Every structure is written in C-alpha cells, then in structure tokens.
Amino acid sequence: MLDLIIKGGTVATAADTFRADVGVRDGTIVALGLDLGAAAEVIDASNKLVLPGGIDSHVHIAQPSGEGIVMADDFESATRSAAFGGNTAVMPFVLQERGTPLRTTLAAYHAKADGQSYVDVSFHLIVSEPNAQTLGQDLPALIEDGYTSFKVFMTYEGLALNDREMLEVMATARETGALVMVHAENNDAIRFLADRLERAGKTAPFFHGPSRPIPVEREATHRAISLAELVDVPVLIVHVSNREAMEEISRARRRGLKVYGETCPQYLVLTEKDMDGLNMEGAKYVCSPPPRDAAHQQACWEGLQQGVFDVFSSDHCPFRYDDPAGKLNPKGRTSFRWVPNGIPGVETRLPILFSEGVGKRRITLQQFVALSATNHARMYGLTTKGSIAIGMDADIAIWDPEREVTIRQSGLHHGSDYTPYEGISVKGWPVTTIVRGRPVVRDGELVGAKAHGRHVARARSAYATPRGG
Ligand code: URP
Ligand code: ZN
Ligand code: ZN
Ligand code: ZN
Numbered sequence: 358m359l360d361l362i363i364k365g366g367t368v369a370t371a372a373d374t375f376r377a378d379v380g381v382r383d384g385t386i387v388a389l390g391l392d393l394g395a396a397a398e399v400i401d402a403s404n405k406l407v408l409p410g411g412i413d414s415h416v417h418i419a420q421p422s423g424e425g426i427v428m429a430d431d432f433e434s435a436t437r438s439a440a441f442g443g444n445t446a447v448m449p450f451v452l453q454e455r456g457t458p459l460r461t462t463l464a465a466y467h468a469k470a471d472g473q474s475y476v477d478v479s480f481h482l483i484v485s486e487p488n489a490q491t492l493g494q495d496l497p498a499l500i501e502d503g504y505t506s507f508k509v510f511m512t513y514e515g516l517a518l519n520d521r522e523m524l525e526v527m528a529t530a531r532e533t534g535a536l537v538m539v540h541a542e543n544n545d546a547i548r549f550l551a552d553r554l555e556r557a558g559k560t561a562p563f564f565h566g567p568s569r570p571i572p573v574e575r576e577a578t579h580r581a582i583s584l585a586e587l588v589d590v591p592v593l594i595v596h597v598s599n600r601e602a603m604e605e606i607s608r609a610r611r612r613g614l615k616v617y618g619e620t621c622p623q624y625l626v627l628t629e630k631d632m633d634g635l636n637m638e639g640a641k642y643v644c645s646p647p648p649r650d651a652a653h654q655q656a657c658w659e660g661l662q663q664g665v666f667d668v669f670s671s672d673h674c675p676f677r678y679d680d681p682a683g684k685l686n687p688k689g690r691t692s693f694r695w696v697p698n699g700i701p702g703v704e705t706r707l708p709i710l711f712s713e714g715v716g717k718r719r720i721t722l723q724q725f726v727a728l729s730a731t732n733h734a735r736m737y738g739l740t741t742k743g744s745i746a747i748g749m750d751a752d753i754a755i756w757d758p759e760r761e762v763t764i765r766q767s768g769l770h771h772g773s774d775y776t777p778y779e780g781i782s783v784k785g786w787p788v789t790t791i792v793r794g795r796p797v798v799r800d801g802e803l804v805g806a807k808a809h810g811r812h813v814a815r816a817r818s819a820y821a822t823p824r825g826g
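Under our numbering, the first residue of the sequence shown is numbered 358, with each subsequent residue one higher.
Right, dumping it as structure tokens:
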C-alpha cells in the first residue's frame with residue numbers, strides 16, 4: 358500500500374503537463390498514473406496544479422550582518438515562510454568568519470538549522486578569507502562533503518575579494534569541481550560614488566540606487582566572467598538586475614563560455630522609485646544590486662524567456678523595518694550607507710513569478726517549473742529533487758491557479774515586519790506543500806513539524822564542469 362496519493366491534479370514538470378495521480382512511499386515518488394490503488398492518505402488535487410516543490414537556492418537565514426544588526430528570520434520562521442510560499446527546500450549561505458575555521462562556522466549554522474526547519478536545507482559557503490588554509494584544505498574538504506557551491510563577493514567591506522583573490526578561489530573551484538557564485542558589483546566605484554553623494558548631503562535611502570548604478574554591476578560582471586575565463590571555470594552571476602549585465606552573460610555564452618545567470622522578483626516588480634519613500638520608508642527596498650526601472654524589468658523578463666537566466670531565486674535577506682537592529686540603524690547613522698542590504702521574499706517569490714509570468718503569458722508553465730525548481734536542483738547537484746518522476750523525493754507543491762491574493766504583510770509568515778511587495782495582486786497561490794511525502798502546509802494551514810526538514814548533501818554539478826573537462 359502507498360503512504361500517500363495526490364489525486365486528480367494536473368502534473369507539470371519542466372518538460373510536460375499531464376493528468377496523473379502521484380503515489381508516494383517512504384518519502385519517494387513511486388507511482389505516476391491513474392488508478393493507483395489504496396493509500397494511507399489521499400490528498401484531493403482536483404482543479405489544482407501539482408508541481409515540483411520550489412527550491413529557493415539563494416536565501417540568507419540567521420546570517421551575521423554587522424554590529425548591532427540582526428536578521429529577522431531564524432530557521433524556523435524562514436522555512437515556515439518558505440513552505441507557505443510553495444518551497445520544499447532552501448539554500449542558505451554560511452558566511453566564513455575571519456580567523457575561524459570554515460568548518461567551525463558551518464557547525465554553528467547546522468546547530469541553528471537542524472531540528473528547526475520545516476523544509477529541507479542545503480548550505481552554500483561564502484568565502485571571505487581565501488588564504489592557504491581555506492583554499493588548500495578547508496574548502497576542498499567541505500566540497501568533498503557535499504557543500505559543492507560557494508559565493509564570492511566583489512563588494513561589501515570585509516567581504517570583497519580583489520581580482521587576485523577571485524582568481525585563486527576560482528582556480529580552487531576548478532580543481533575541486535565546485536560551482537562559483539559571484540556577487541558582481543565594483544566595490545571601489547561604489548565607495549567613490551557613496552562618498553561623493555554623502556559629501557553633497559544626499560544621504561536618504563533613495564541614494565542607495567545612485568551609489569550603485571548599472572555600470573558598477575556591468576563592469577564587475579564583465580570582470581568576473583573574464584577572470585573565470587582565465588582559469589577556465591564556469592561561473593554563475595547571481596541577482597542580475599539589468600539588461601547591460603545580462604548582455605555580458607549572453608556575449609560570454611556566444612563565445613562558448615559556461616556562464617550562468619540568476620535574477621530575482623525585486624528586479625521584475627520593484628523600481629528605484631520605491632526607495633524614494635517619505636523619511637526612511639525607502640529603506641524597506643534597499644538591496645544590492647538595487648531595483649532599476651521599467652525598461653530593465655522588461656529586460657529581465659526577456660532574460661527569463663530566453664534562458665539567459667537559469668534560476669530565479671528570492672535573495673531573501675530579511676530585516677525588520679521599524680527596528681534599530683534592522684533597517685533603522687541606531688547610533689544616528691541615517692545615511693543610506695548604513696542601511697542593511699536585503700529584503701524578505703522567500704514566500705512571495707513563486708506567486709509573483711507564476712502570476713506575472715505564467716498568468717500574463719510571459720513564460721510557460723514549463724519555464725516556471727524549470728526556473729522555480731528543476732534548474733536549481735541541476736545547477737547545484739540536488740540529484741533527488743526538482744522534478745516529479747519515479748524515484749525522486751516527493752517534494753511537491755499543490756497550486757490553486759485561480760486563487761487571487763493581494764500580498765499583505767499580515768498574510769505572510771516570515772519574521773520581518775513588512776513586505777516590499779505589499780499591495781501587489783496575484784492570481785495563483787500554493788495551497789499545500791509536501792516535503793518528502795509529508796504535508797508541511799495543507800490547505801493553507803501549517804501541519805508539519807519543524808524537525809522534518811533536513812540537511813541535504815549535494816553532488817558536484819555538471820554545470821560546474823570546466824569547458825576543458
Ligand atoms: O542586498 C542584498 N542582496 N543582500 C543580501 C546579500 C547578497 O548580496 O546577496
Ligand atoms: Zn546539520
Ligand atoms: Zn549578493
Ligand atoms: Zn543574497
């Protein structure tokens with residue numbers, strides 16, 4: 358007998374849409390078809406879409422964020438919010454602490470996540486101190502243990518790597534088969550522009566945008582690609598905000614380089630004008646790269662349509678707004694420079710993409726599945742996730758494609774006290790989220806246990822194989 362049958366729904370994968378019931382045993386999909394027989398539990402999915410559970414491969418949870426600043430989510434609240442947003446796995450970052458062995462820091466994140474997560478968790482690393490110990494020993498050992506991707510930053514004080522360091526890290530990725538994710542913004546250019554804006558008294562949150570204009574991102578994107586080309590290693594440019602950075606990716610691909618792209622909801626539905634709120638309200642939208650304008654939103658849609666972007670992630674990085682440990686920095690530091698960068702979005706990522714994308718016929722349902730789940734699993738070596746097929750984890754989101762929701766903070770489940778997407782109306786919402794065969798959210802109610810989510814070690818990704826083999 359089966360443990361669970363999801364009955365009467367329309368199943369969609371990155372390749373097909375078809376009518377089938379889904380049979381689950383021991384957390385795995387074991388049957389697809391009609392008349393699957395008996396099961397301990399049956400979930401009725403008539404008039405619903407049965408989709409692979411979302412994988413949000415770019416989230417920040419309980420990550421140290423500077424003196425006095427505290428992220429608004431712990432693993433419990435972030436993974437609860439993720440589940441309500443139709444996600445069955447999230448991929449947060451472990452930020453390397455200077456002077457501390459990477460494995461020690463990783464253990465601290467596991468202590469925060471293990472037993473506290475409603476959905477599955479798989480960590481990326483952030484390399485901030487690329488010394489001999491890190492690159493020669495710690496990082497290769499962790500990659501071997503299934504932490505097969507890491508992010509490097511070209512901006513942020515204390516995090517930004519110089520070009521030599523980028524090359525050393527990329528060479529290590531090539532040797533070890535890890536996937537390199539790059540935050541591409543030119544740190545010196547940002548410092549120059551921010552200093553000049555502050556000297557002119559332009560310190561409101563709005564000036565976060567002008568301190569990080571498009572050439573800052575375009576140049577760093579070009580440089581990251583060039584550095585990766587020098588050592589022949591694939592590279593993923595994360596949170597791309599505009600056409601010019603996209604064109605760098607496309608040009609590199611035309612030349613045969615393995616360069617991948619990620620974009621996020623903020624670049625589809627927010628603009629720089631959102632940061633121009635009264636008083637400090639604009640701080641609610643401060644993230645990096647900053648949202649641009651309508652023309653660049655359109656460009657990002659084209660990037661999703663044409664495959665310039667392989668993955669669509671939230672870059673969930675939640676701070677409270679009305680809080681000195683959040684967006685309103687204490688100590689009289691009112692300049693945009695001190696506003697913590699990042700916005701919440703793990704729960705709203707997929708409804709926004711579904712409604713604005715599939716609903717408005719900008720992308721197909723197959724593209725939606727690829728961008729929300731399948732490509733994330735392939736990109737990062739989650740071999741049992743990201744599709745509905747026999748033998749895969751029963752990670753499933755059941756969507757009501759007709760459900761109309763106006764996004765409101767009061768309806769969300771994250772730890773932040775606002776959503777930057779307040780007031781946006783969407784059609785289509787995930788109503789039931791099933792992680793390895795167990796409902797975590799059912800008909801809009803939390804029914805799962807926070808100890809159900811577990812850490813997933815990953816294989817090396819084919820995306821990370823160098824051109825030279
Ligand atoms: O502003 C952002 N994106 N904050 C999160 C950290 C990062 O760079 O991804
Ligand atoms: Zn663990
Ligand atoms: Zn980043
Ligand atoms: Zn991020």
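Just so it is clear, CB atoms sit at the ideal spot from N, CA and C, and this is done for glycine as well.
All values reported here derive from a predicted model rather than from experimental measurement.
Span of the alpha helix (DSSP H) around residue i
{"i": "residue 545", "result": "544-556"}
{"i": "residue 432", "result": "432-441"}
{"i": "residue 583", "result": "571-588"}
{"i": "residue 830", "result": "Past the boundaries of the shown model lies residue 830; the chain is included only from 358 to 826, so the question cannot be answered."}
{"i": "residue 630", "result": "From DSSP, residue 630 is part of no alpha helix (DSSP H); its letter is neither H nor E."}
{"i": "residue 382", "result": "That residue, residue 382, is in no alpha helix (DSSP H); its beta strand (DSSP E) goes 378-382."}
{"i": "residue 523", "result": "520-533"}
{"i": "residue 399", "result": "Per DSSP, residue 399 belongs to no alpha helix (DSSP H); it is in the beta strand (DSSP E), 396-401."}
{"i": "residue 653", "result": "651-663"}
Own chain partners of residue i with C-beta closer than 7 Å, once the 5 adjacent residues on each side are dropped
{"i": "residue 716", "result": "784 and 785"}
{"i": "residue 658", "result": "625 and 719"}
{"i": "residue 358", "result": "395, 396 and 397"}
{"i": "residue 646", "result": "542, 569, 574, 596 and 598"}
Cβ-Cβ separation, residue j to residue i (assumed contact under 8 Å), whole Å
{"i": "residue 379", "j": "residue 362", "result": "7 Å"}
{"i": "residue 562", "j": "residue 632", "result": "5 Å"}
{"i": "residue 410", "j": "residue 790", "result": "6 Å"}
{"i": "residue 798", "j": "residue 441", "result": "6 Å"}
{"i": "residue 428", "j": "residue 675", "result": "6 Å"}
{"i": "residue 486", "j": "residue 453", "result": "6 Å"}
{"i": "residue 437", "j": "residue 803", "result": "7 Å"}
{"i": "residue 795", "j": "residue 810", "result": "Contact doesn't hold; Cβ gap of about 10 Å is too wide."}
{"i": "residue 496", "j": "residue 480", "result": "Residue 496 to residue 480, Cβ: 13 Å. No contact."}
Residue i, enclosing beta strand (DSSP E) - first and last residue
{"i": "residue 364", "result": "359-364"}
{"i": "residue 707", "result": "From DSSP, residue 707 is part of no beta strand (DSSP E) but of the alpha helix (DSSP H) over 706-710."}
{"i": "residue 753", "result": "753-763"}
{"i": "residue 679", "result": "Where residue 679 is concerned, there is no enclosing beta strand (DSSP E), given that its DSSP letter is neither H nor E."}
{"i": "residue 730", "result": "Premise fails: residue 730 is in no beta strand (DSSP E) and is neither H nor E."}
{"i": "residue 786", "result": "782-792"}
{"i": "residue 536", "result": "536-540"}
{"i": "residue 607", "result": "First-last for residue 607: 600-611, but that is the alpha helix (DSSP H), not the beta strand (DSSP E)."}
{"i": "residue 460", "result": "Residue 460 -> not in any beta strand (DSSP E); alpha helix (DSSP H) instead, spanning 459-470."}
Close beta carbons around residue i, own chain, < 6 Å, minus the five adjacent residues each side
{"i": "residue 672", "result": "415, 596 and 621"}
{"i": "residue 466", "result": "451"}
{"i": "residue 762", "result": "783 and 786"}
{"i": "residue 641", "result": "678, 775 and 777"}
{"i": "residue 630", "result": "none"}
Contacting residues, own chain, Cβ-Cβ under 8 Å from residue i (five flanking each side not counted)
{"i": "residue 567", "result": "550, 554 and 559"}
{"i": "residue 425", "result": "681, 682, 686, 687 and 688"}
{"i": "residue 547", "result": "512, 568, 569 and 573"}
Residue i classed as buried or exposed, judged by whether at least 16 other C-beta atoms fall within 10 angstroms
{"i": "residue 731", "result": "buried"}
{"i": "residue 724", "result": "buried"}
{"i": "residue 655", "result": "exposed"}
{"i": "residue 688", "result": "exposed"}
{"i": "residue 767", "result": "exposed"}
{"i": "residue 747", "result": "exposed"}
{"i": "residue 808", "result": "exposed"}
{"i": "residue 518", "result": "buried"}
{"i": "residue 635", "result": "exposed"}
{"i": "residue 545", "result": "exposed"}
{"i": "residue 525", "result": "buried"}
{"i": "residue 727", "result": "buried"}
{"i": "residue 515", "result": "exposed"}
{"i": "residue 587", "result": "exposed"}
{"i": "residue 403", "result": "exposed"}
Chain C within 9 Å of residue i, Cβ atoms only
{"i": "residue 649", "result": "The chain labelled as chain C is not found in the depicted structure, where only one protein chain is given."}
Ligand 6 heavy atom lying under 8 Å from the CB of residue i
{"i": "residue 596", "result": "Inclusion of ligand 6 in the displayed structure is not the case, the ligand content consisting of ligand 1, ligand 2, ligand 3 and ligand 4 alone."}
Any contact of the stretch 448-466 with the stretch 480-494, i.e. 3+ C-beta pairs under 8 Å? yes
Within 8 Å, do at least three Cβ pairs link the stretch 696-714 to the stretch 650-657? no
Count Cβ pairs between the stretch 589-608 and the stretch 619-635 that sit closer than 8 Å; are there 3 or more? yes
Would you check if there are 3 or more beta carbon pairs closer than 8 Å linking the stretch 676-683 to the stretch 600-612? no
With contact counted as at least three CB pairs below 8 Å, one residue from each stretch, are the stretch 471-484 and the stretch 697-706 in contact? no
Indicate whether the contact test is met: 3 or more Cβ pairs, each with one atom in the stretch 684-698 and one in the stretch 744-763, closer than 8 Å. no
Using a Cβ distance threshold of 8 Å, determine whether the stretch 807-821 contacts the stretch 732-746, with at least three qualifying pairs required. yes
Are the stretch 386-403 and the stretch 569-586 touching, with three or more C-beta to C-beta distances below 8 Å? no
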